[in-house]
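For reference, the structure is listed below as structure tokens.
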Amino acid sequence: MGVRAFLFCGTTLTAALALAGCAGVIAPAQSAMVDSDTTRAAETAQAAPARTVKITSVRTTDYTAGVLTVAGTLTPAPAAGSRVALQRWDAAKGWQEIGNGKSSGATVTISSKQPGSIRTYRLAIGPQAPYAAAASAAYGYSHFKWRGIFAKPLLASGGKGHPAFTVVTAAESPRRAEAELLADKGGAVWGDVNSAGCSWVKNWLGNITDGTVRVSLLNGAAVVGSVDQTQESETWLNRQIPGVNRLRVQVADLKSGYGPQVALDSMLLCTN
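The numbering of the sequence shown is this note's numbering, which starts it at 14 and goes up by one.
Structure follows, in structure tokens:
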């Protein structure tokens with residue numbers, strides 16, 4: 014082969030290839046190419062930019078309507094007006110969207126009407142080149158909402174002197190908040206409601222008898238609050254009731270001609 018072969022193959026070849034001749038220049042093995050491609054893909058993936066989503070606040074902004082408002086940040090900021098989803102975790106269905114909003118710079122605020130609950134939420138945004146889809150960490154929150162005190166059935170009722178604790182029907186009172194309590198002269202009437210998961214109770218009371226009655230709220234034998242109400246008067250009896258799972262509403266006759274008779278419109282602030 015000699016000098017002629019060496020010159021033919023090019024003077025930049027290494028001495029080893031020169032000794033082997035032109036036949037010594039061989040293609041890389043296929044496995045080496047695959048390994049190289051895999052490494053390159055991994056490096057590309059590691060170098061791809063990531064977007065971070067973070068919940069900055071979760072709060073109830075309307076306790077009557079049950080409006081839950083969630084705010085968050087997205088870094089880097091997505092294109093203005095990008096759709097961001099508010100999702101709630103469901104043990105059977107996974108993450109479910111319950112609302113959405115549009116980003117403004119690096120921030121987003123989303124409101125959604127929800128029943129009272131203790132649930133877990135997150136914010137999520139879809140893929141947006143060059144960023145992949147991203148979601149915030151899960152955020153647990155106790156969402157309180159006012160509901161009718163009779164949204165759950167009475168647990169029990171009773172009293173003395175022909176007591177009658179009559180809850181107004183759902184057809185007449187969709188809020189499930191109204192009832193009429195009455196008994197004979199010198200008598201009393203009570204009803205127990207399920208108040209587990211509730212933190213406040215508010216009661217509007219209308220005394221429609223011809224004398225004075227006492228309206229009381231009880232947790233077992235403990236009096237949570239009470240008010241004496243004169244003939245044909247209206248008043249409120251509102252109290253915090255944390256940890257009270259069975260709340261009793263009671264009306265007793267103090268001095269009347271024909272017995273206590275009170276119209277009741279009551280609401281509970283609950284997570285259920």
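We put the CB at the ideal spot given by N, CA and C, even for glycine.
Quick test of your reading: residue i and residue j, contact by CB under 8 Å. State the CB separation rounded to the nearest angstrom.
i, j, result
"Gly272", "Lys198", "4 Å"
"Thr243", "Thr225", "5 Å"
"Val262", "Leu230", "6 Å"
"Val240", "Leu250", "5 Å"
Beta strand (DSSP E) containing residue i: first to last residue?
i, result
"Gly171", "Ala169 to Lys173"
"Asn232", "Thr225 to Asn232"
"Ser117", "Element bounds for Ser117: n/a, residue is neither H nor E."
"Lys215", "Cys211 to Asn220"
Is it buried or exposed for residue i, if we count other Cβ within 10 angstroms and need 16 for buried?
i, result
"Val264", "buried"
"Ile39", "In this prediction, Ile39 scores a pLDDT of 39, lower than 50, which makes its location untrustworthy; the coordinate-derived value is nonetheless stated afterwards. Exposed, since its Cβ has fewer than 16 Cβ neighbours within 10 Å."
"His175", "exposed"
"Gly37", "Note that Gly37 scores a pLDDT of 40, beneath 50, so its modelled location is shaky and nothing firm can be said."
"Leu281", "buried"
"Glu191", "buried"
"Ala58", "In this prediction, Ala58 scores a pLDDT of 48, lower than 50, which makes its location untrustworthy; the coordinate-derived value is nonetheless stated afterwards. The residue in question, Ala58, is exposed, as its Cβ has fewer than 16 Cβ neighbours within 10 Å."
"Val47", "Annotation note: pLDDT 43 at Val47 (below 50); position unreliable, no value reported."
"Gly94", "exposed"
With distance defined between alpha-carbon atoms, name the residue in the options nearest to residue i.
i, options, result
"Gln100", "Phe178, Val71, Arg259 and Thr133", "Thr133"
"Thr74", "Lys67, Thr82 and Ile68", "Thr82"
"Thr6", "Val121, Val181, Lys165 and Lys106", "Absent from the structure is residue 6, since the part of the chain shown begins at 14 and ends at 285."
"Thr222", "Pro128, Asp266 and Ser70", "Asp266"
"Tyr154", "Gly200, Trp102 and Gln141", "Trp102"
Cβ atoms of residue j and residue i: under 8 Å apart, would you say?
i, j, result
"Ala146", "Gly139", "yes"
"Ala177", "Leu195", "yes"
"Leu136", "Gly79", "no"
"Val257", "Ser208", "yes"
"Gly112", "Phe157", "no"
"Leu167", "Leu218", "no"
"Gly210", "Cys283", "yes"
"Ile68", "Tyr152", "yes"
"Gln253", "Trp203", "no"
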